[in-house]
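Here the structure is laid out as C-alpha cells; the discussion comes afterwards.
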Amino acid sequence: MSKKGVDYSKWDKLVDDKSDEEEVTAPRRAPLGQLPFSLNASDTQAADVRAIMRAAEQALNAMNLDYTGSTSSSTRDSSAARVKPSTSSSSGPPPADGRLPFTKAEMHNYKVRFDASAPDPSLELHKCVVCRKSPAAGARFLLCQRCHAMRYCSIDCQREDWDTRHRGECGDAKSLFEGHQLRGNEHAVRYVKGRLDPDAFYRLQRAKNAAIQREVPRSPALNNTRLVNLSAYFLTLPNAAQYKEWCGIQLSRGPNGDDVPGPSIADPAVMAIGPTHFHTAYRIAPLSLVEAARSDLPLPLHLHTRGRGVAVVKRLVEDIVHGHSRDGGFLKAFPAVPWPIIEGHVDIFFWRGDKIQVQIGEAPFVPELTIECLFIPSHNLVVRSALLHAACAVFGQAGYDEIDRLLPLSASKAYKIVSLKAQLTRGEWQRDIIYEIMSTEGLPAALIKLYHDRAKEVCRPQHPSTWASRLGLCSVSFAWKHKKFTDVFRWHLVNYAKDFRPFPFGKSFAEFADVTDGELRRIETELEAMNLQYPPQIQAIRSCQPADYYEHIDGPLLTTSDGHRVSELDVLLSTQGLV
1 MSKKGVDYSK
11 WDKLVDDKSD
21 EEEVTAPRRA
31 PLGQLPFSLN
41 ASDTQAADVR
51 AIMRAAEQAL
61 NAMNLDYTGS
71 TSSSTRDSSA
81 ARVKPSTSSS
91 SGPPPADGRL
101 PFTKAEMHNY
111 KVRFDASAPD
121 PSLELHKCVV
131 CRKSPAAGAR
141 FLLCQRCHAM
151 RYCSIDCQRE
161 DWDTRHRGEC
171 GDAKSLFEGH
181 QLRGNEHAVR
191 YVKGRLDPDA
201 FYRLQRAKNA
211 AIQREVPRSP
221 ALNNTRLVNL
231 SAYFLTLPNA
241 AQYKEWCGIQ
251 LSRGPNGDDV
261 PGPSIADPAV
271 MAIGPTHFHT
281 AYRIAPLSLV
291 EAARSDLPLP
301 LHLHTRGRGV
311 AVVKRLVEDI
321 VHGHSRDGGF
331 LKAFPAVPWP
341 IIEGHVDIFF
351 WRGDKIQVQI
361 GEAPFVPELT
371 IECLFIPSHN
381 LVVRSALLHA
391 ACAVFGQAGY
401 DEIDRLLPLS
411 ASKAYKIVSL
421 KAQLTRGEWQ
431 RDIIYEIMST
441 EGLPAALIKL
451 YHDRAKEVCR
461 PQHPSTWASR
471 LGLCSVSFAW
481 KHKKFTDVFR
491 WHLVNYAKDF
501 RPFPFGKSFA
511 EFADVTDGEL
521 RRIETELEAM
531 NLQYPPQIQA
541 IRSCQPADYY
551 EHIDGPLLTT
561 SDGHRVSELD
571 VLLSTQGLV
C-alpha cells in the first residue's frame, strides 16, 4: 500500500538489517569502570547498541536454548495431556463460550508448560510490525534508523506505519532503546509499545533468563553457589493523559573469588562497570494493563500496582533459588542465591515494610531454610528524596519543581554502592547530600536564588541585618529538613530490618551490616530520642489501602473454566510465570 511519500533523507530512511546473512562484528565496548552509554546517547552509541542486538539475536538462535529449563520431557508431556494450550494470547479475548480454557488451579504457569510445543518465538520476532508477514525469500528486513526497534518487510509498510502510527511513537521508542532501563533490547521496546505478541516475548525472556543465570560464576565462599544482585525499577510510559506501568528487574553479577565474569553470550548488550556486569532488562512484567487516564485513578498508579510489583520480584527470587523451572524435577539444592538487599526504585516497598521470603529445601532430604530479602532504595534515590522533601517544606511547590528539574536520576549515580553501615550513620548522609548539591550543575545557584526569593517574602533587602538573618534562617531550615528526612530513613531502616535473618550471609541484621550489637543499640537509642514522625507524603504511602481490583488498571474480569473470576492482568502474569 503506497501513500504520500515521506522525506527519509535525515534520520528516518530505511536501513537494511543484514543480521540474517552476515556475521556481525562485536561492537566496541566502553573501558572498564566507564558507563558504555549516556542518557542522551549519540547516534554513534545508538548504532553500537543496534549492532549489539544483532549479535544477541544471532547468539540466541545459535544456542538452541531449552525454553523449559529443568523440566523433564515426561513432565512436559503429562502437562500437555492434562490441558490443551490456548491459541490466544495470555491477555487476549476469552474463547467463544466466554470461558478461559483452563481452571484457576491450571492457570499458574499455563503458558510456561507449553514452551516446548509452542511456535518458535523467532517466527514472531521476524514479522513485519504492520502486515505481520516475513520478508520475501532472499529479501531483508527494513529497520527504522532512528529508533532501531521497528522492522518492516517492505518500504510500503514502513511508509504506511510512519503516516498512521510510528511518527508519534518513534521518539519515545528511541529513548527506551537507548536508555538504561531497556538498553538495546529491541524486542522489549516493541513489546511495551504494543508491537510484539506477549507469548513470543515472554518465551524469549524465559529462555534468556535461564541462559544468563547459567553464565553466573560460582562462589567458592558460598559453597560453590552462584550469587546475583537484583535491582527493581518502574517504567511508566506516558501517552498524553494516559499511561501504563511496568516493573523491570535488573540482574547484576560480579566476580566470585578469582572468577571474573566473561563476555555474556546470552546478553551481548550487558553493561560492564568495572568487574560487575549489569543485565538491565533481565525481566519485564506489566503492572497495569489498561491505559488509564490519570483523572480516573483515586490514588497514584504506583500505589495501586505495588502489590503486584512485590509479587513479580518474589517470583524472580523463587526462580533464581529453585532453578529456572519449578514444574518438574526434584529440588536437591539451590543453584543460585540473591544478595539479600534488593535496591533500585523500591521506596514504596521499603516504606510499606514489604519483604521477600522464599522457602527452600525438601525435608528430610534437604533442610528447610528461608531466603529473605529486604527492599532498600538506591542511595541516590534517598539523597534525591531528602532534597526534594526539604525544598517542598521550605520553598513550596515552586522550589520542589526547580530541584526536581536539576536532579535527574542519571545512570552513573544509580550505581553508587554505599554500605549498610554507612546508611545507619547520620554524618555519612549529610556528607553525601552536600556532595550532591555541590556536584550537580546549577543546583548551588538555584538554592541561593530560592533563599533570596524566600527571604524577600518576609523582609525587605533595605534592612541588611534582618535580610542576612533571614537568608541564614532559610539555609539552616533547608539543611534541617533534609537531615530530618535521612533520620526518618535510618529510623525506619532499623525497625524494618530488626528481625532480618540474611541467610546465608549472617545471622542478624547487625552482623550483616558489619556493626556490633552495641553499636546498633546506640543508633536505636539516638533515633528514639528524636521522637521522629513520618513526613506526610511517607505517611500517605504507608496508610493507603488500594482496592484489590480496579478495572482501569487490571482490565476486565474473565472467567476460568471452573467458574472463577480473575482479572485480565492476573491471567497474563500467572500464565506467563511472572507471579
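According to the UniProt record's numbering, numbering within the sequence shown proceeds without interruption in unit steps and concludes at 579.
Glycine is no exception: its CB is placed at the ideal position from the N, C-alpha and C atoms.
- In the three-state reduction of the DSSP assignment, residue 212 falls in the helix class.
- Put simply, of 554, 562 and 510 the residue whose alpha carbon is nearest the alpha carbon of residue 573 is 554.
- For residue 356, the secondary structure class from DSSP, reduced to helix, strand or coil, is strand.
- DSSP places residue 438 inside the alpha helix (DSSP H), whose first and last residues are 426-439.
- Each residue's CA atom was taken as its position, placing residue 277 and residue 382 some 24 Å apart.
- The three-state reading of DSSP puts residue 175 in helix, counting H, G and I together.
- Ranked by Cα distance from residue 577, the options 198, 176 and 133 are led by 198.
- Shown here, residue 271 sits in a strand according to DSSP, grouped into three states.
- Cβ atoms of residue 233 and residue 158 stay farther apart than 8 Å, at about 32 Å.
- Per DSSP, reduced to three states, the secondary structure at residue 339 is coil, with no helix or strand assignment.
- DSSP places residue 158 within a helical segment (H, G or I) once states are collapsed to three.
- In this structure, residue 418 places its C-beta atom within 8 Å of the C-beta atom of residue 379.
- With fewer than 16 other Cβ atoms inside 10 Å of its own Cβ, residue 132 counts as exposed.
- Secondary structure of residue 228 (DSSP, three-state): strand.
- By the Cβ-count criterion, residue 543 is exposed, with fewer than 16 other Cβ atoms from all chains shown falling within 10 Å of its own Cβ.
- Here residue 517 is exposed: its Cβ has fewer than 16 other Cβ atoms, across all protein chains shown, within 10 Å.
- Comparing C-alpha distances from residue 166 to each of 130, 188, 183 and 140 shows the shortest one belongs to 130.
- C-alpha of residue 282 to C-alpha of residue 265: approximately 14 Å in a straight line.
- Within the same chain, Cβ atoms closer than 7 Å to the Cβ of residue 103 are found at 560, 561 and 562, the five residues on either side in sequence being excluded.
- Within its own chain, the residues whose Cβ lies closer than 7 Å to the Cβ of residue 267, once the five positions on either side in sequence are excluded, are 56, 208, 212 and 279, listed in chain order.
- With contacts defined as CB atoms closer than 8 Å, residue 315 and residue 287 fail to qualify as a contacting pair.
- The beta-carbon separation of residue 347 and residue 300, rounded to 13 Å, does not stay under the 8 Å limit for a contact.
- In its chain, beyond the 5 residues on either side, 517 and 520 have a beta carbon closer than 6 Å to the beta carbon of residue 510.
- The C-beta separation of residue 368 from residue 359 comes to about 6 Å, placing the pair in contact by the 8 Å criterion.
- With 16 or more other Cβ atoms from the protein chains shown falling within 10 Å of its own Cβ, residue 338 counts as buried.
- With a threshold of 16 other beta carbon atoms within 10 Å, residue 451 meets it and is buried.
- Check the Cα spacing between residue 250 and each of 171, 145, 306 and 343: the tightest is with 343.
- A Cβ-Cβ contact shorter than 8 Å links residue 128 with residue 153.
- The criterion of a C-beta distance shorter than 8 Å is not satisfied by residue 471 and residue 423.
- In the three-state reduction of the DSSP assignment, residue 566 falls in the strand class.
- Annotated as distal: residue 515 and residue 449, with beta-carbon spacing of 8 Å or more.
- Beta-bridge partners assigned by DSSP to residue 344: 232.
- Residue 249 sits in a strand when the DSSP states are folded into three classes.
- In the structure shown, the three-state DSSP call for residue 374 is strand.
- Taking the CA atoms as reference points, residue 556 sits about 47 Å from residue 441.
- For residue 144, the enclosing beta strand (DSSP E) has its first and last residue at 141-144.
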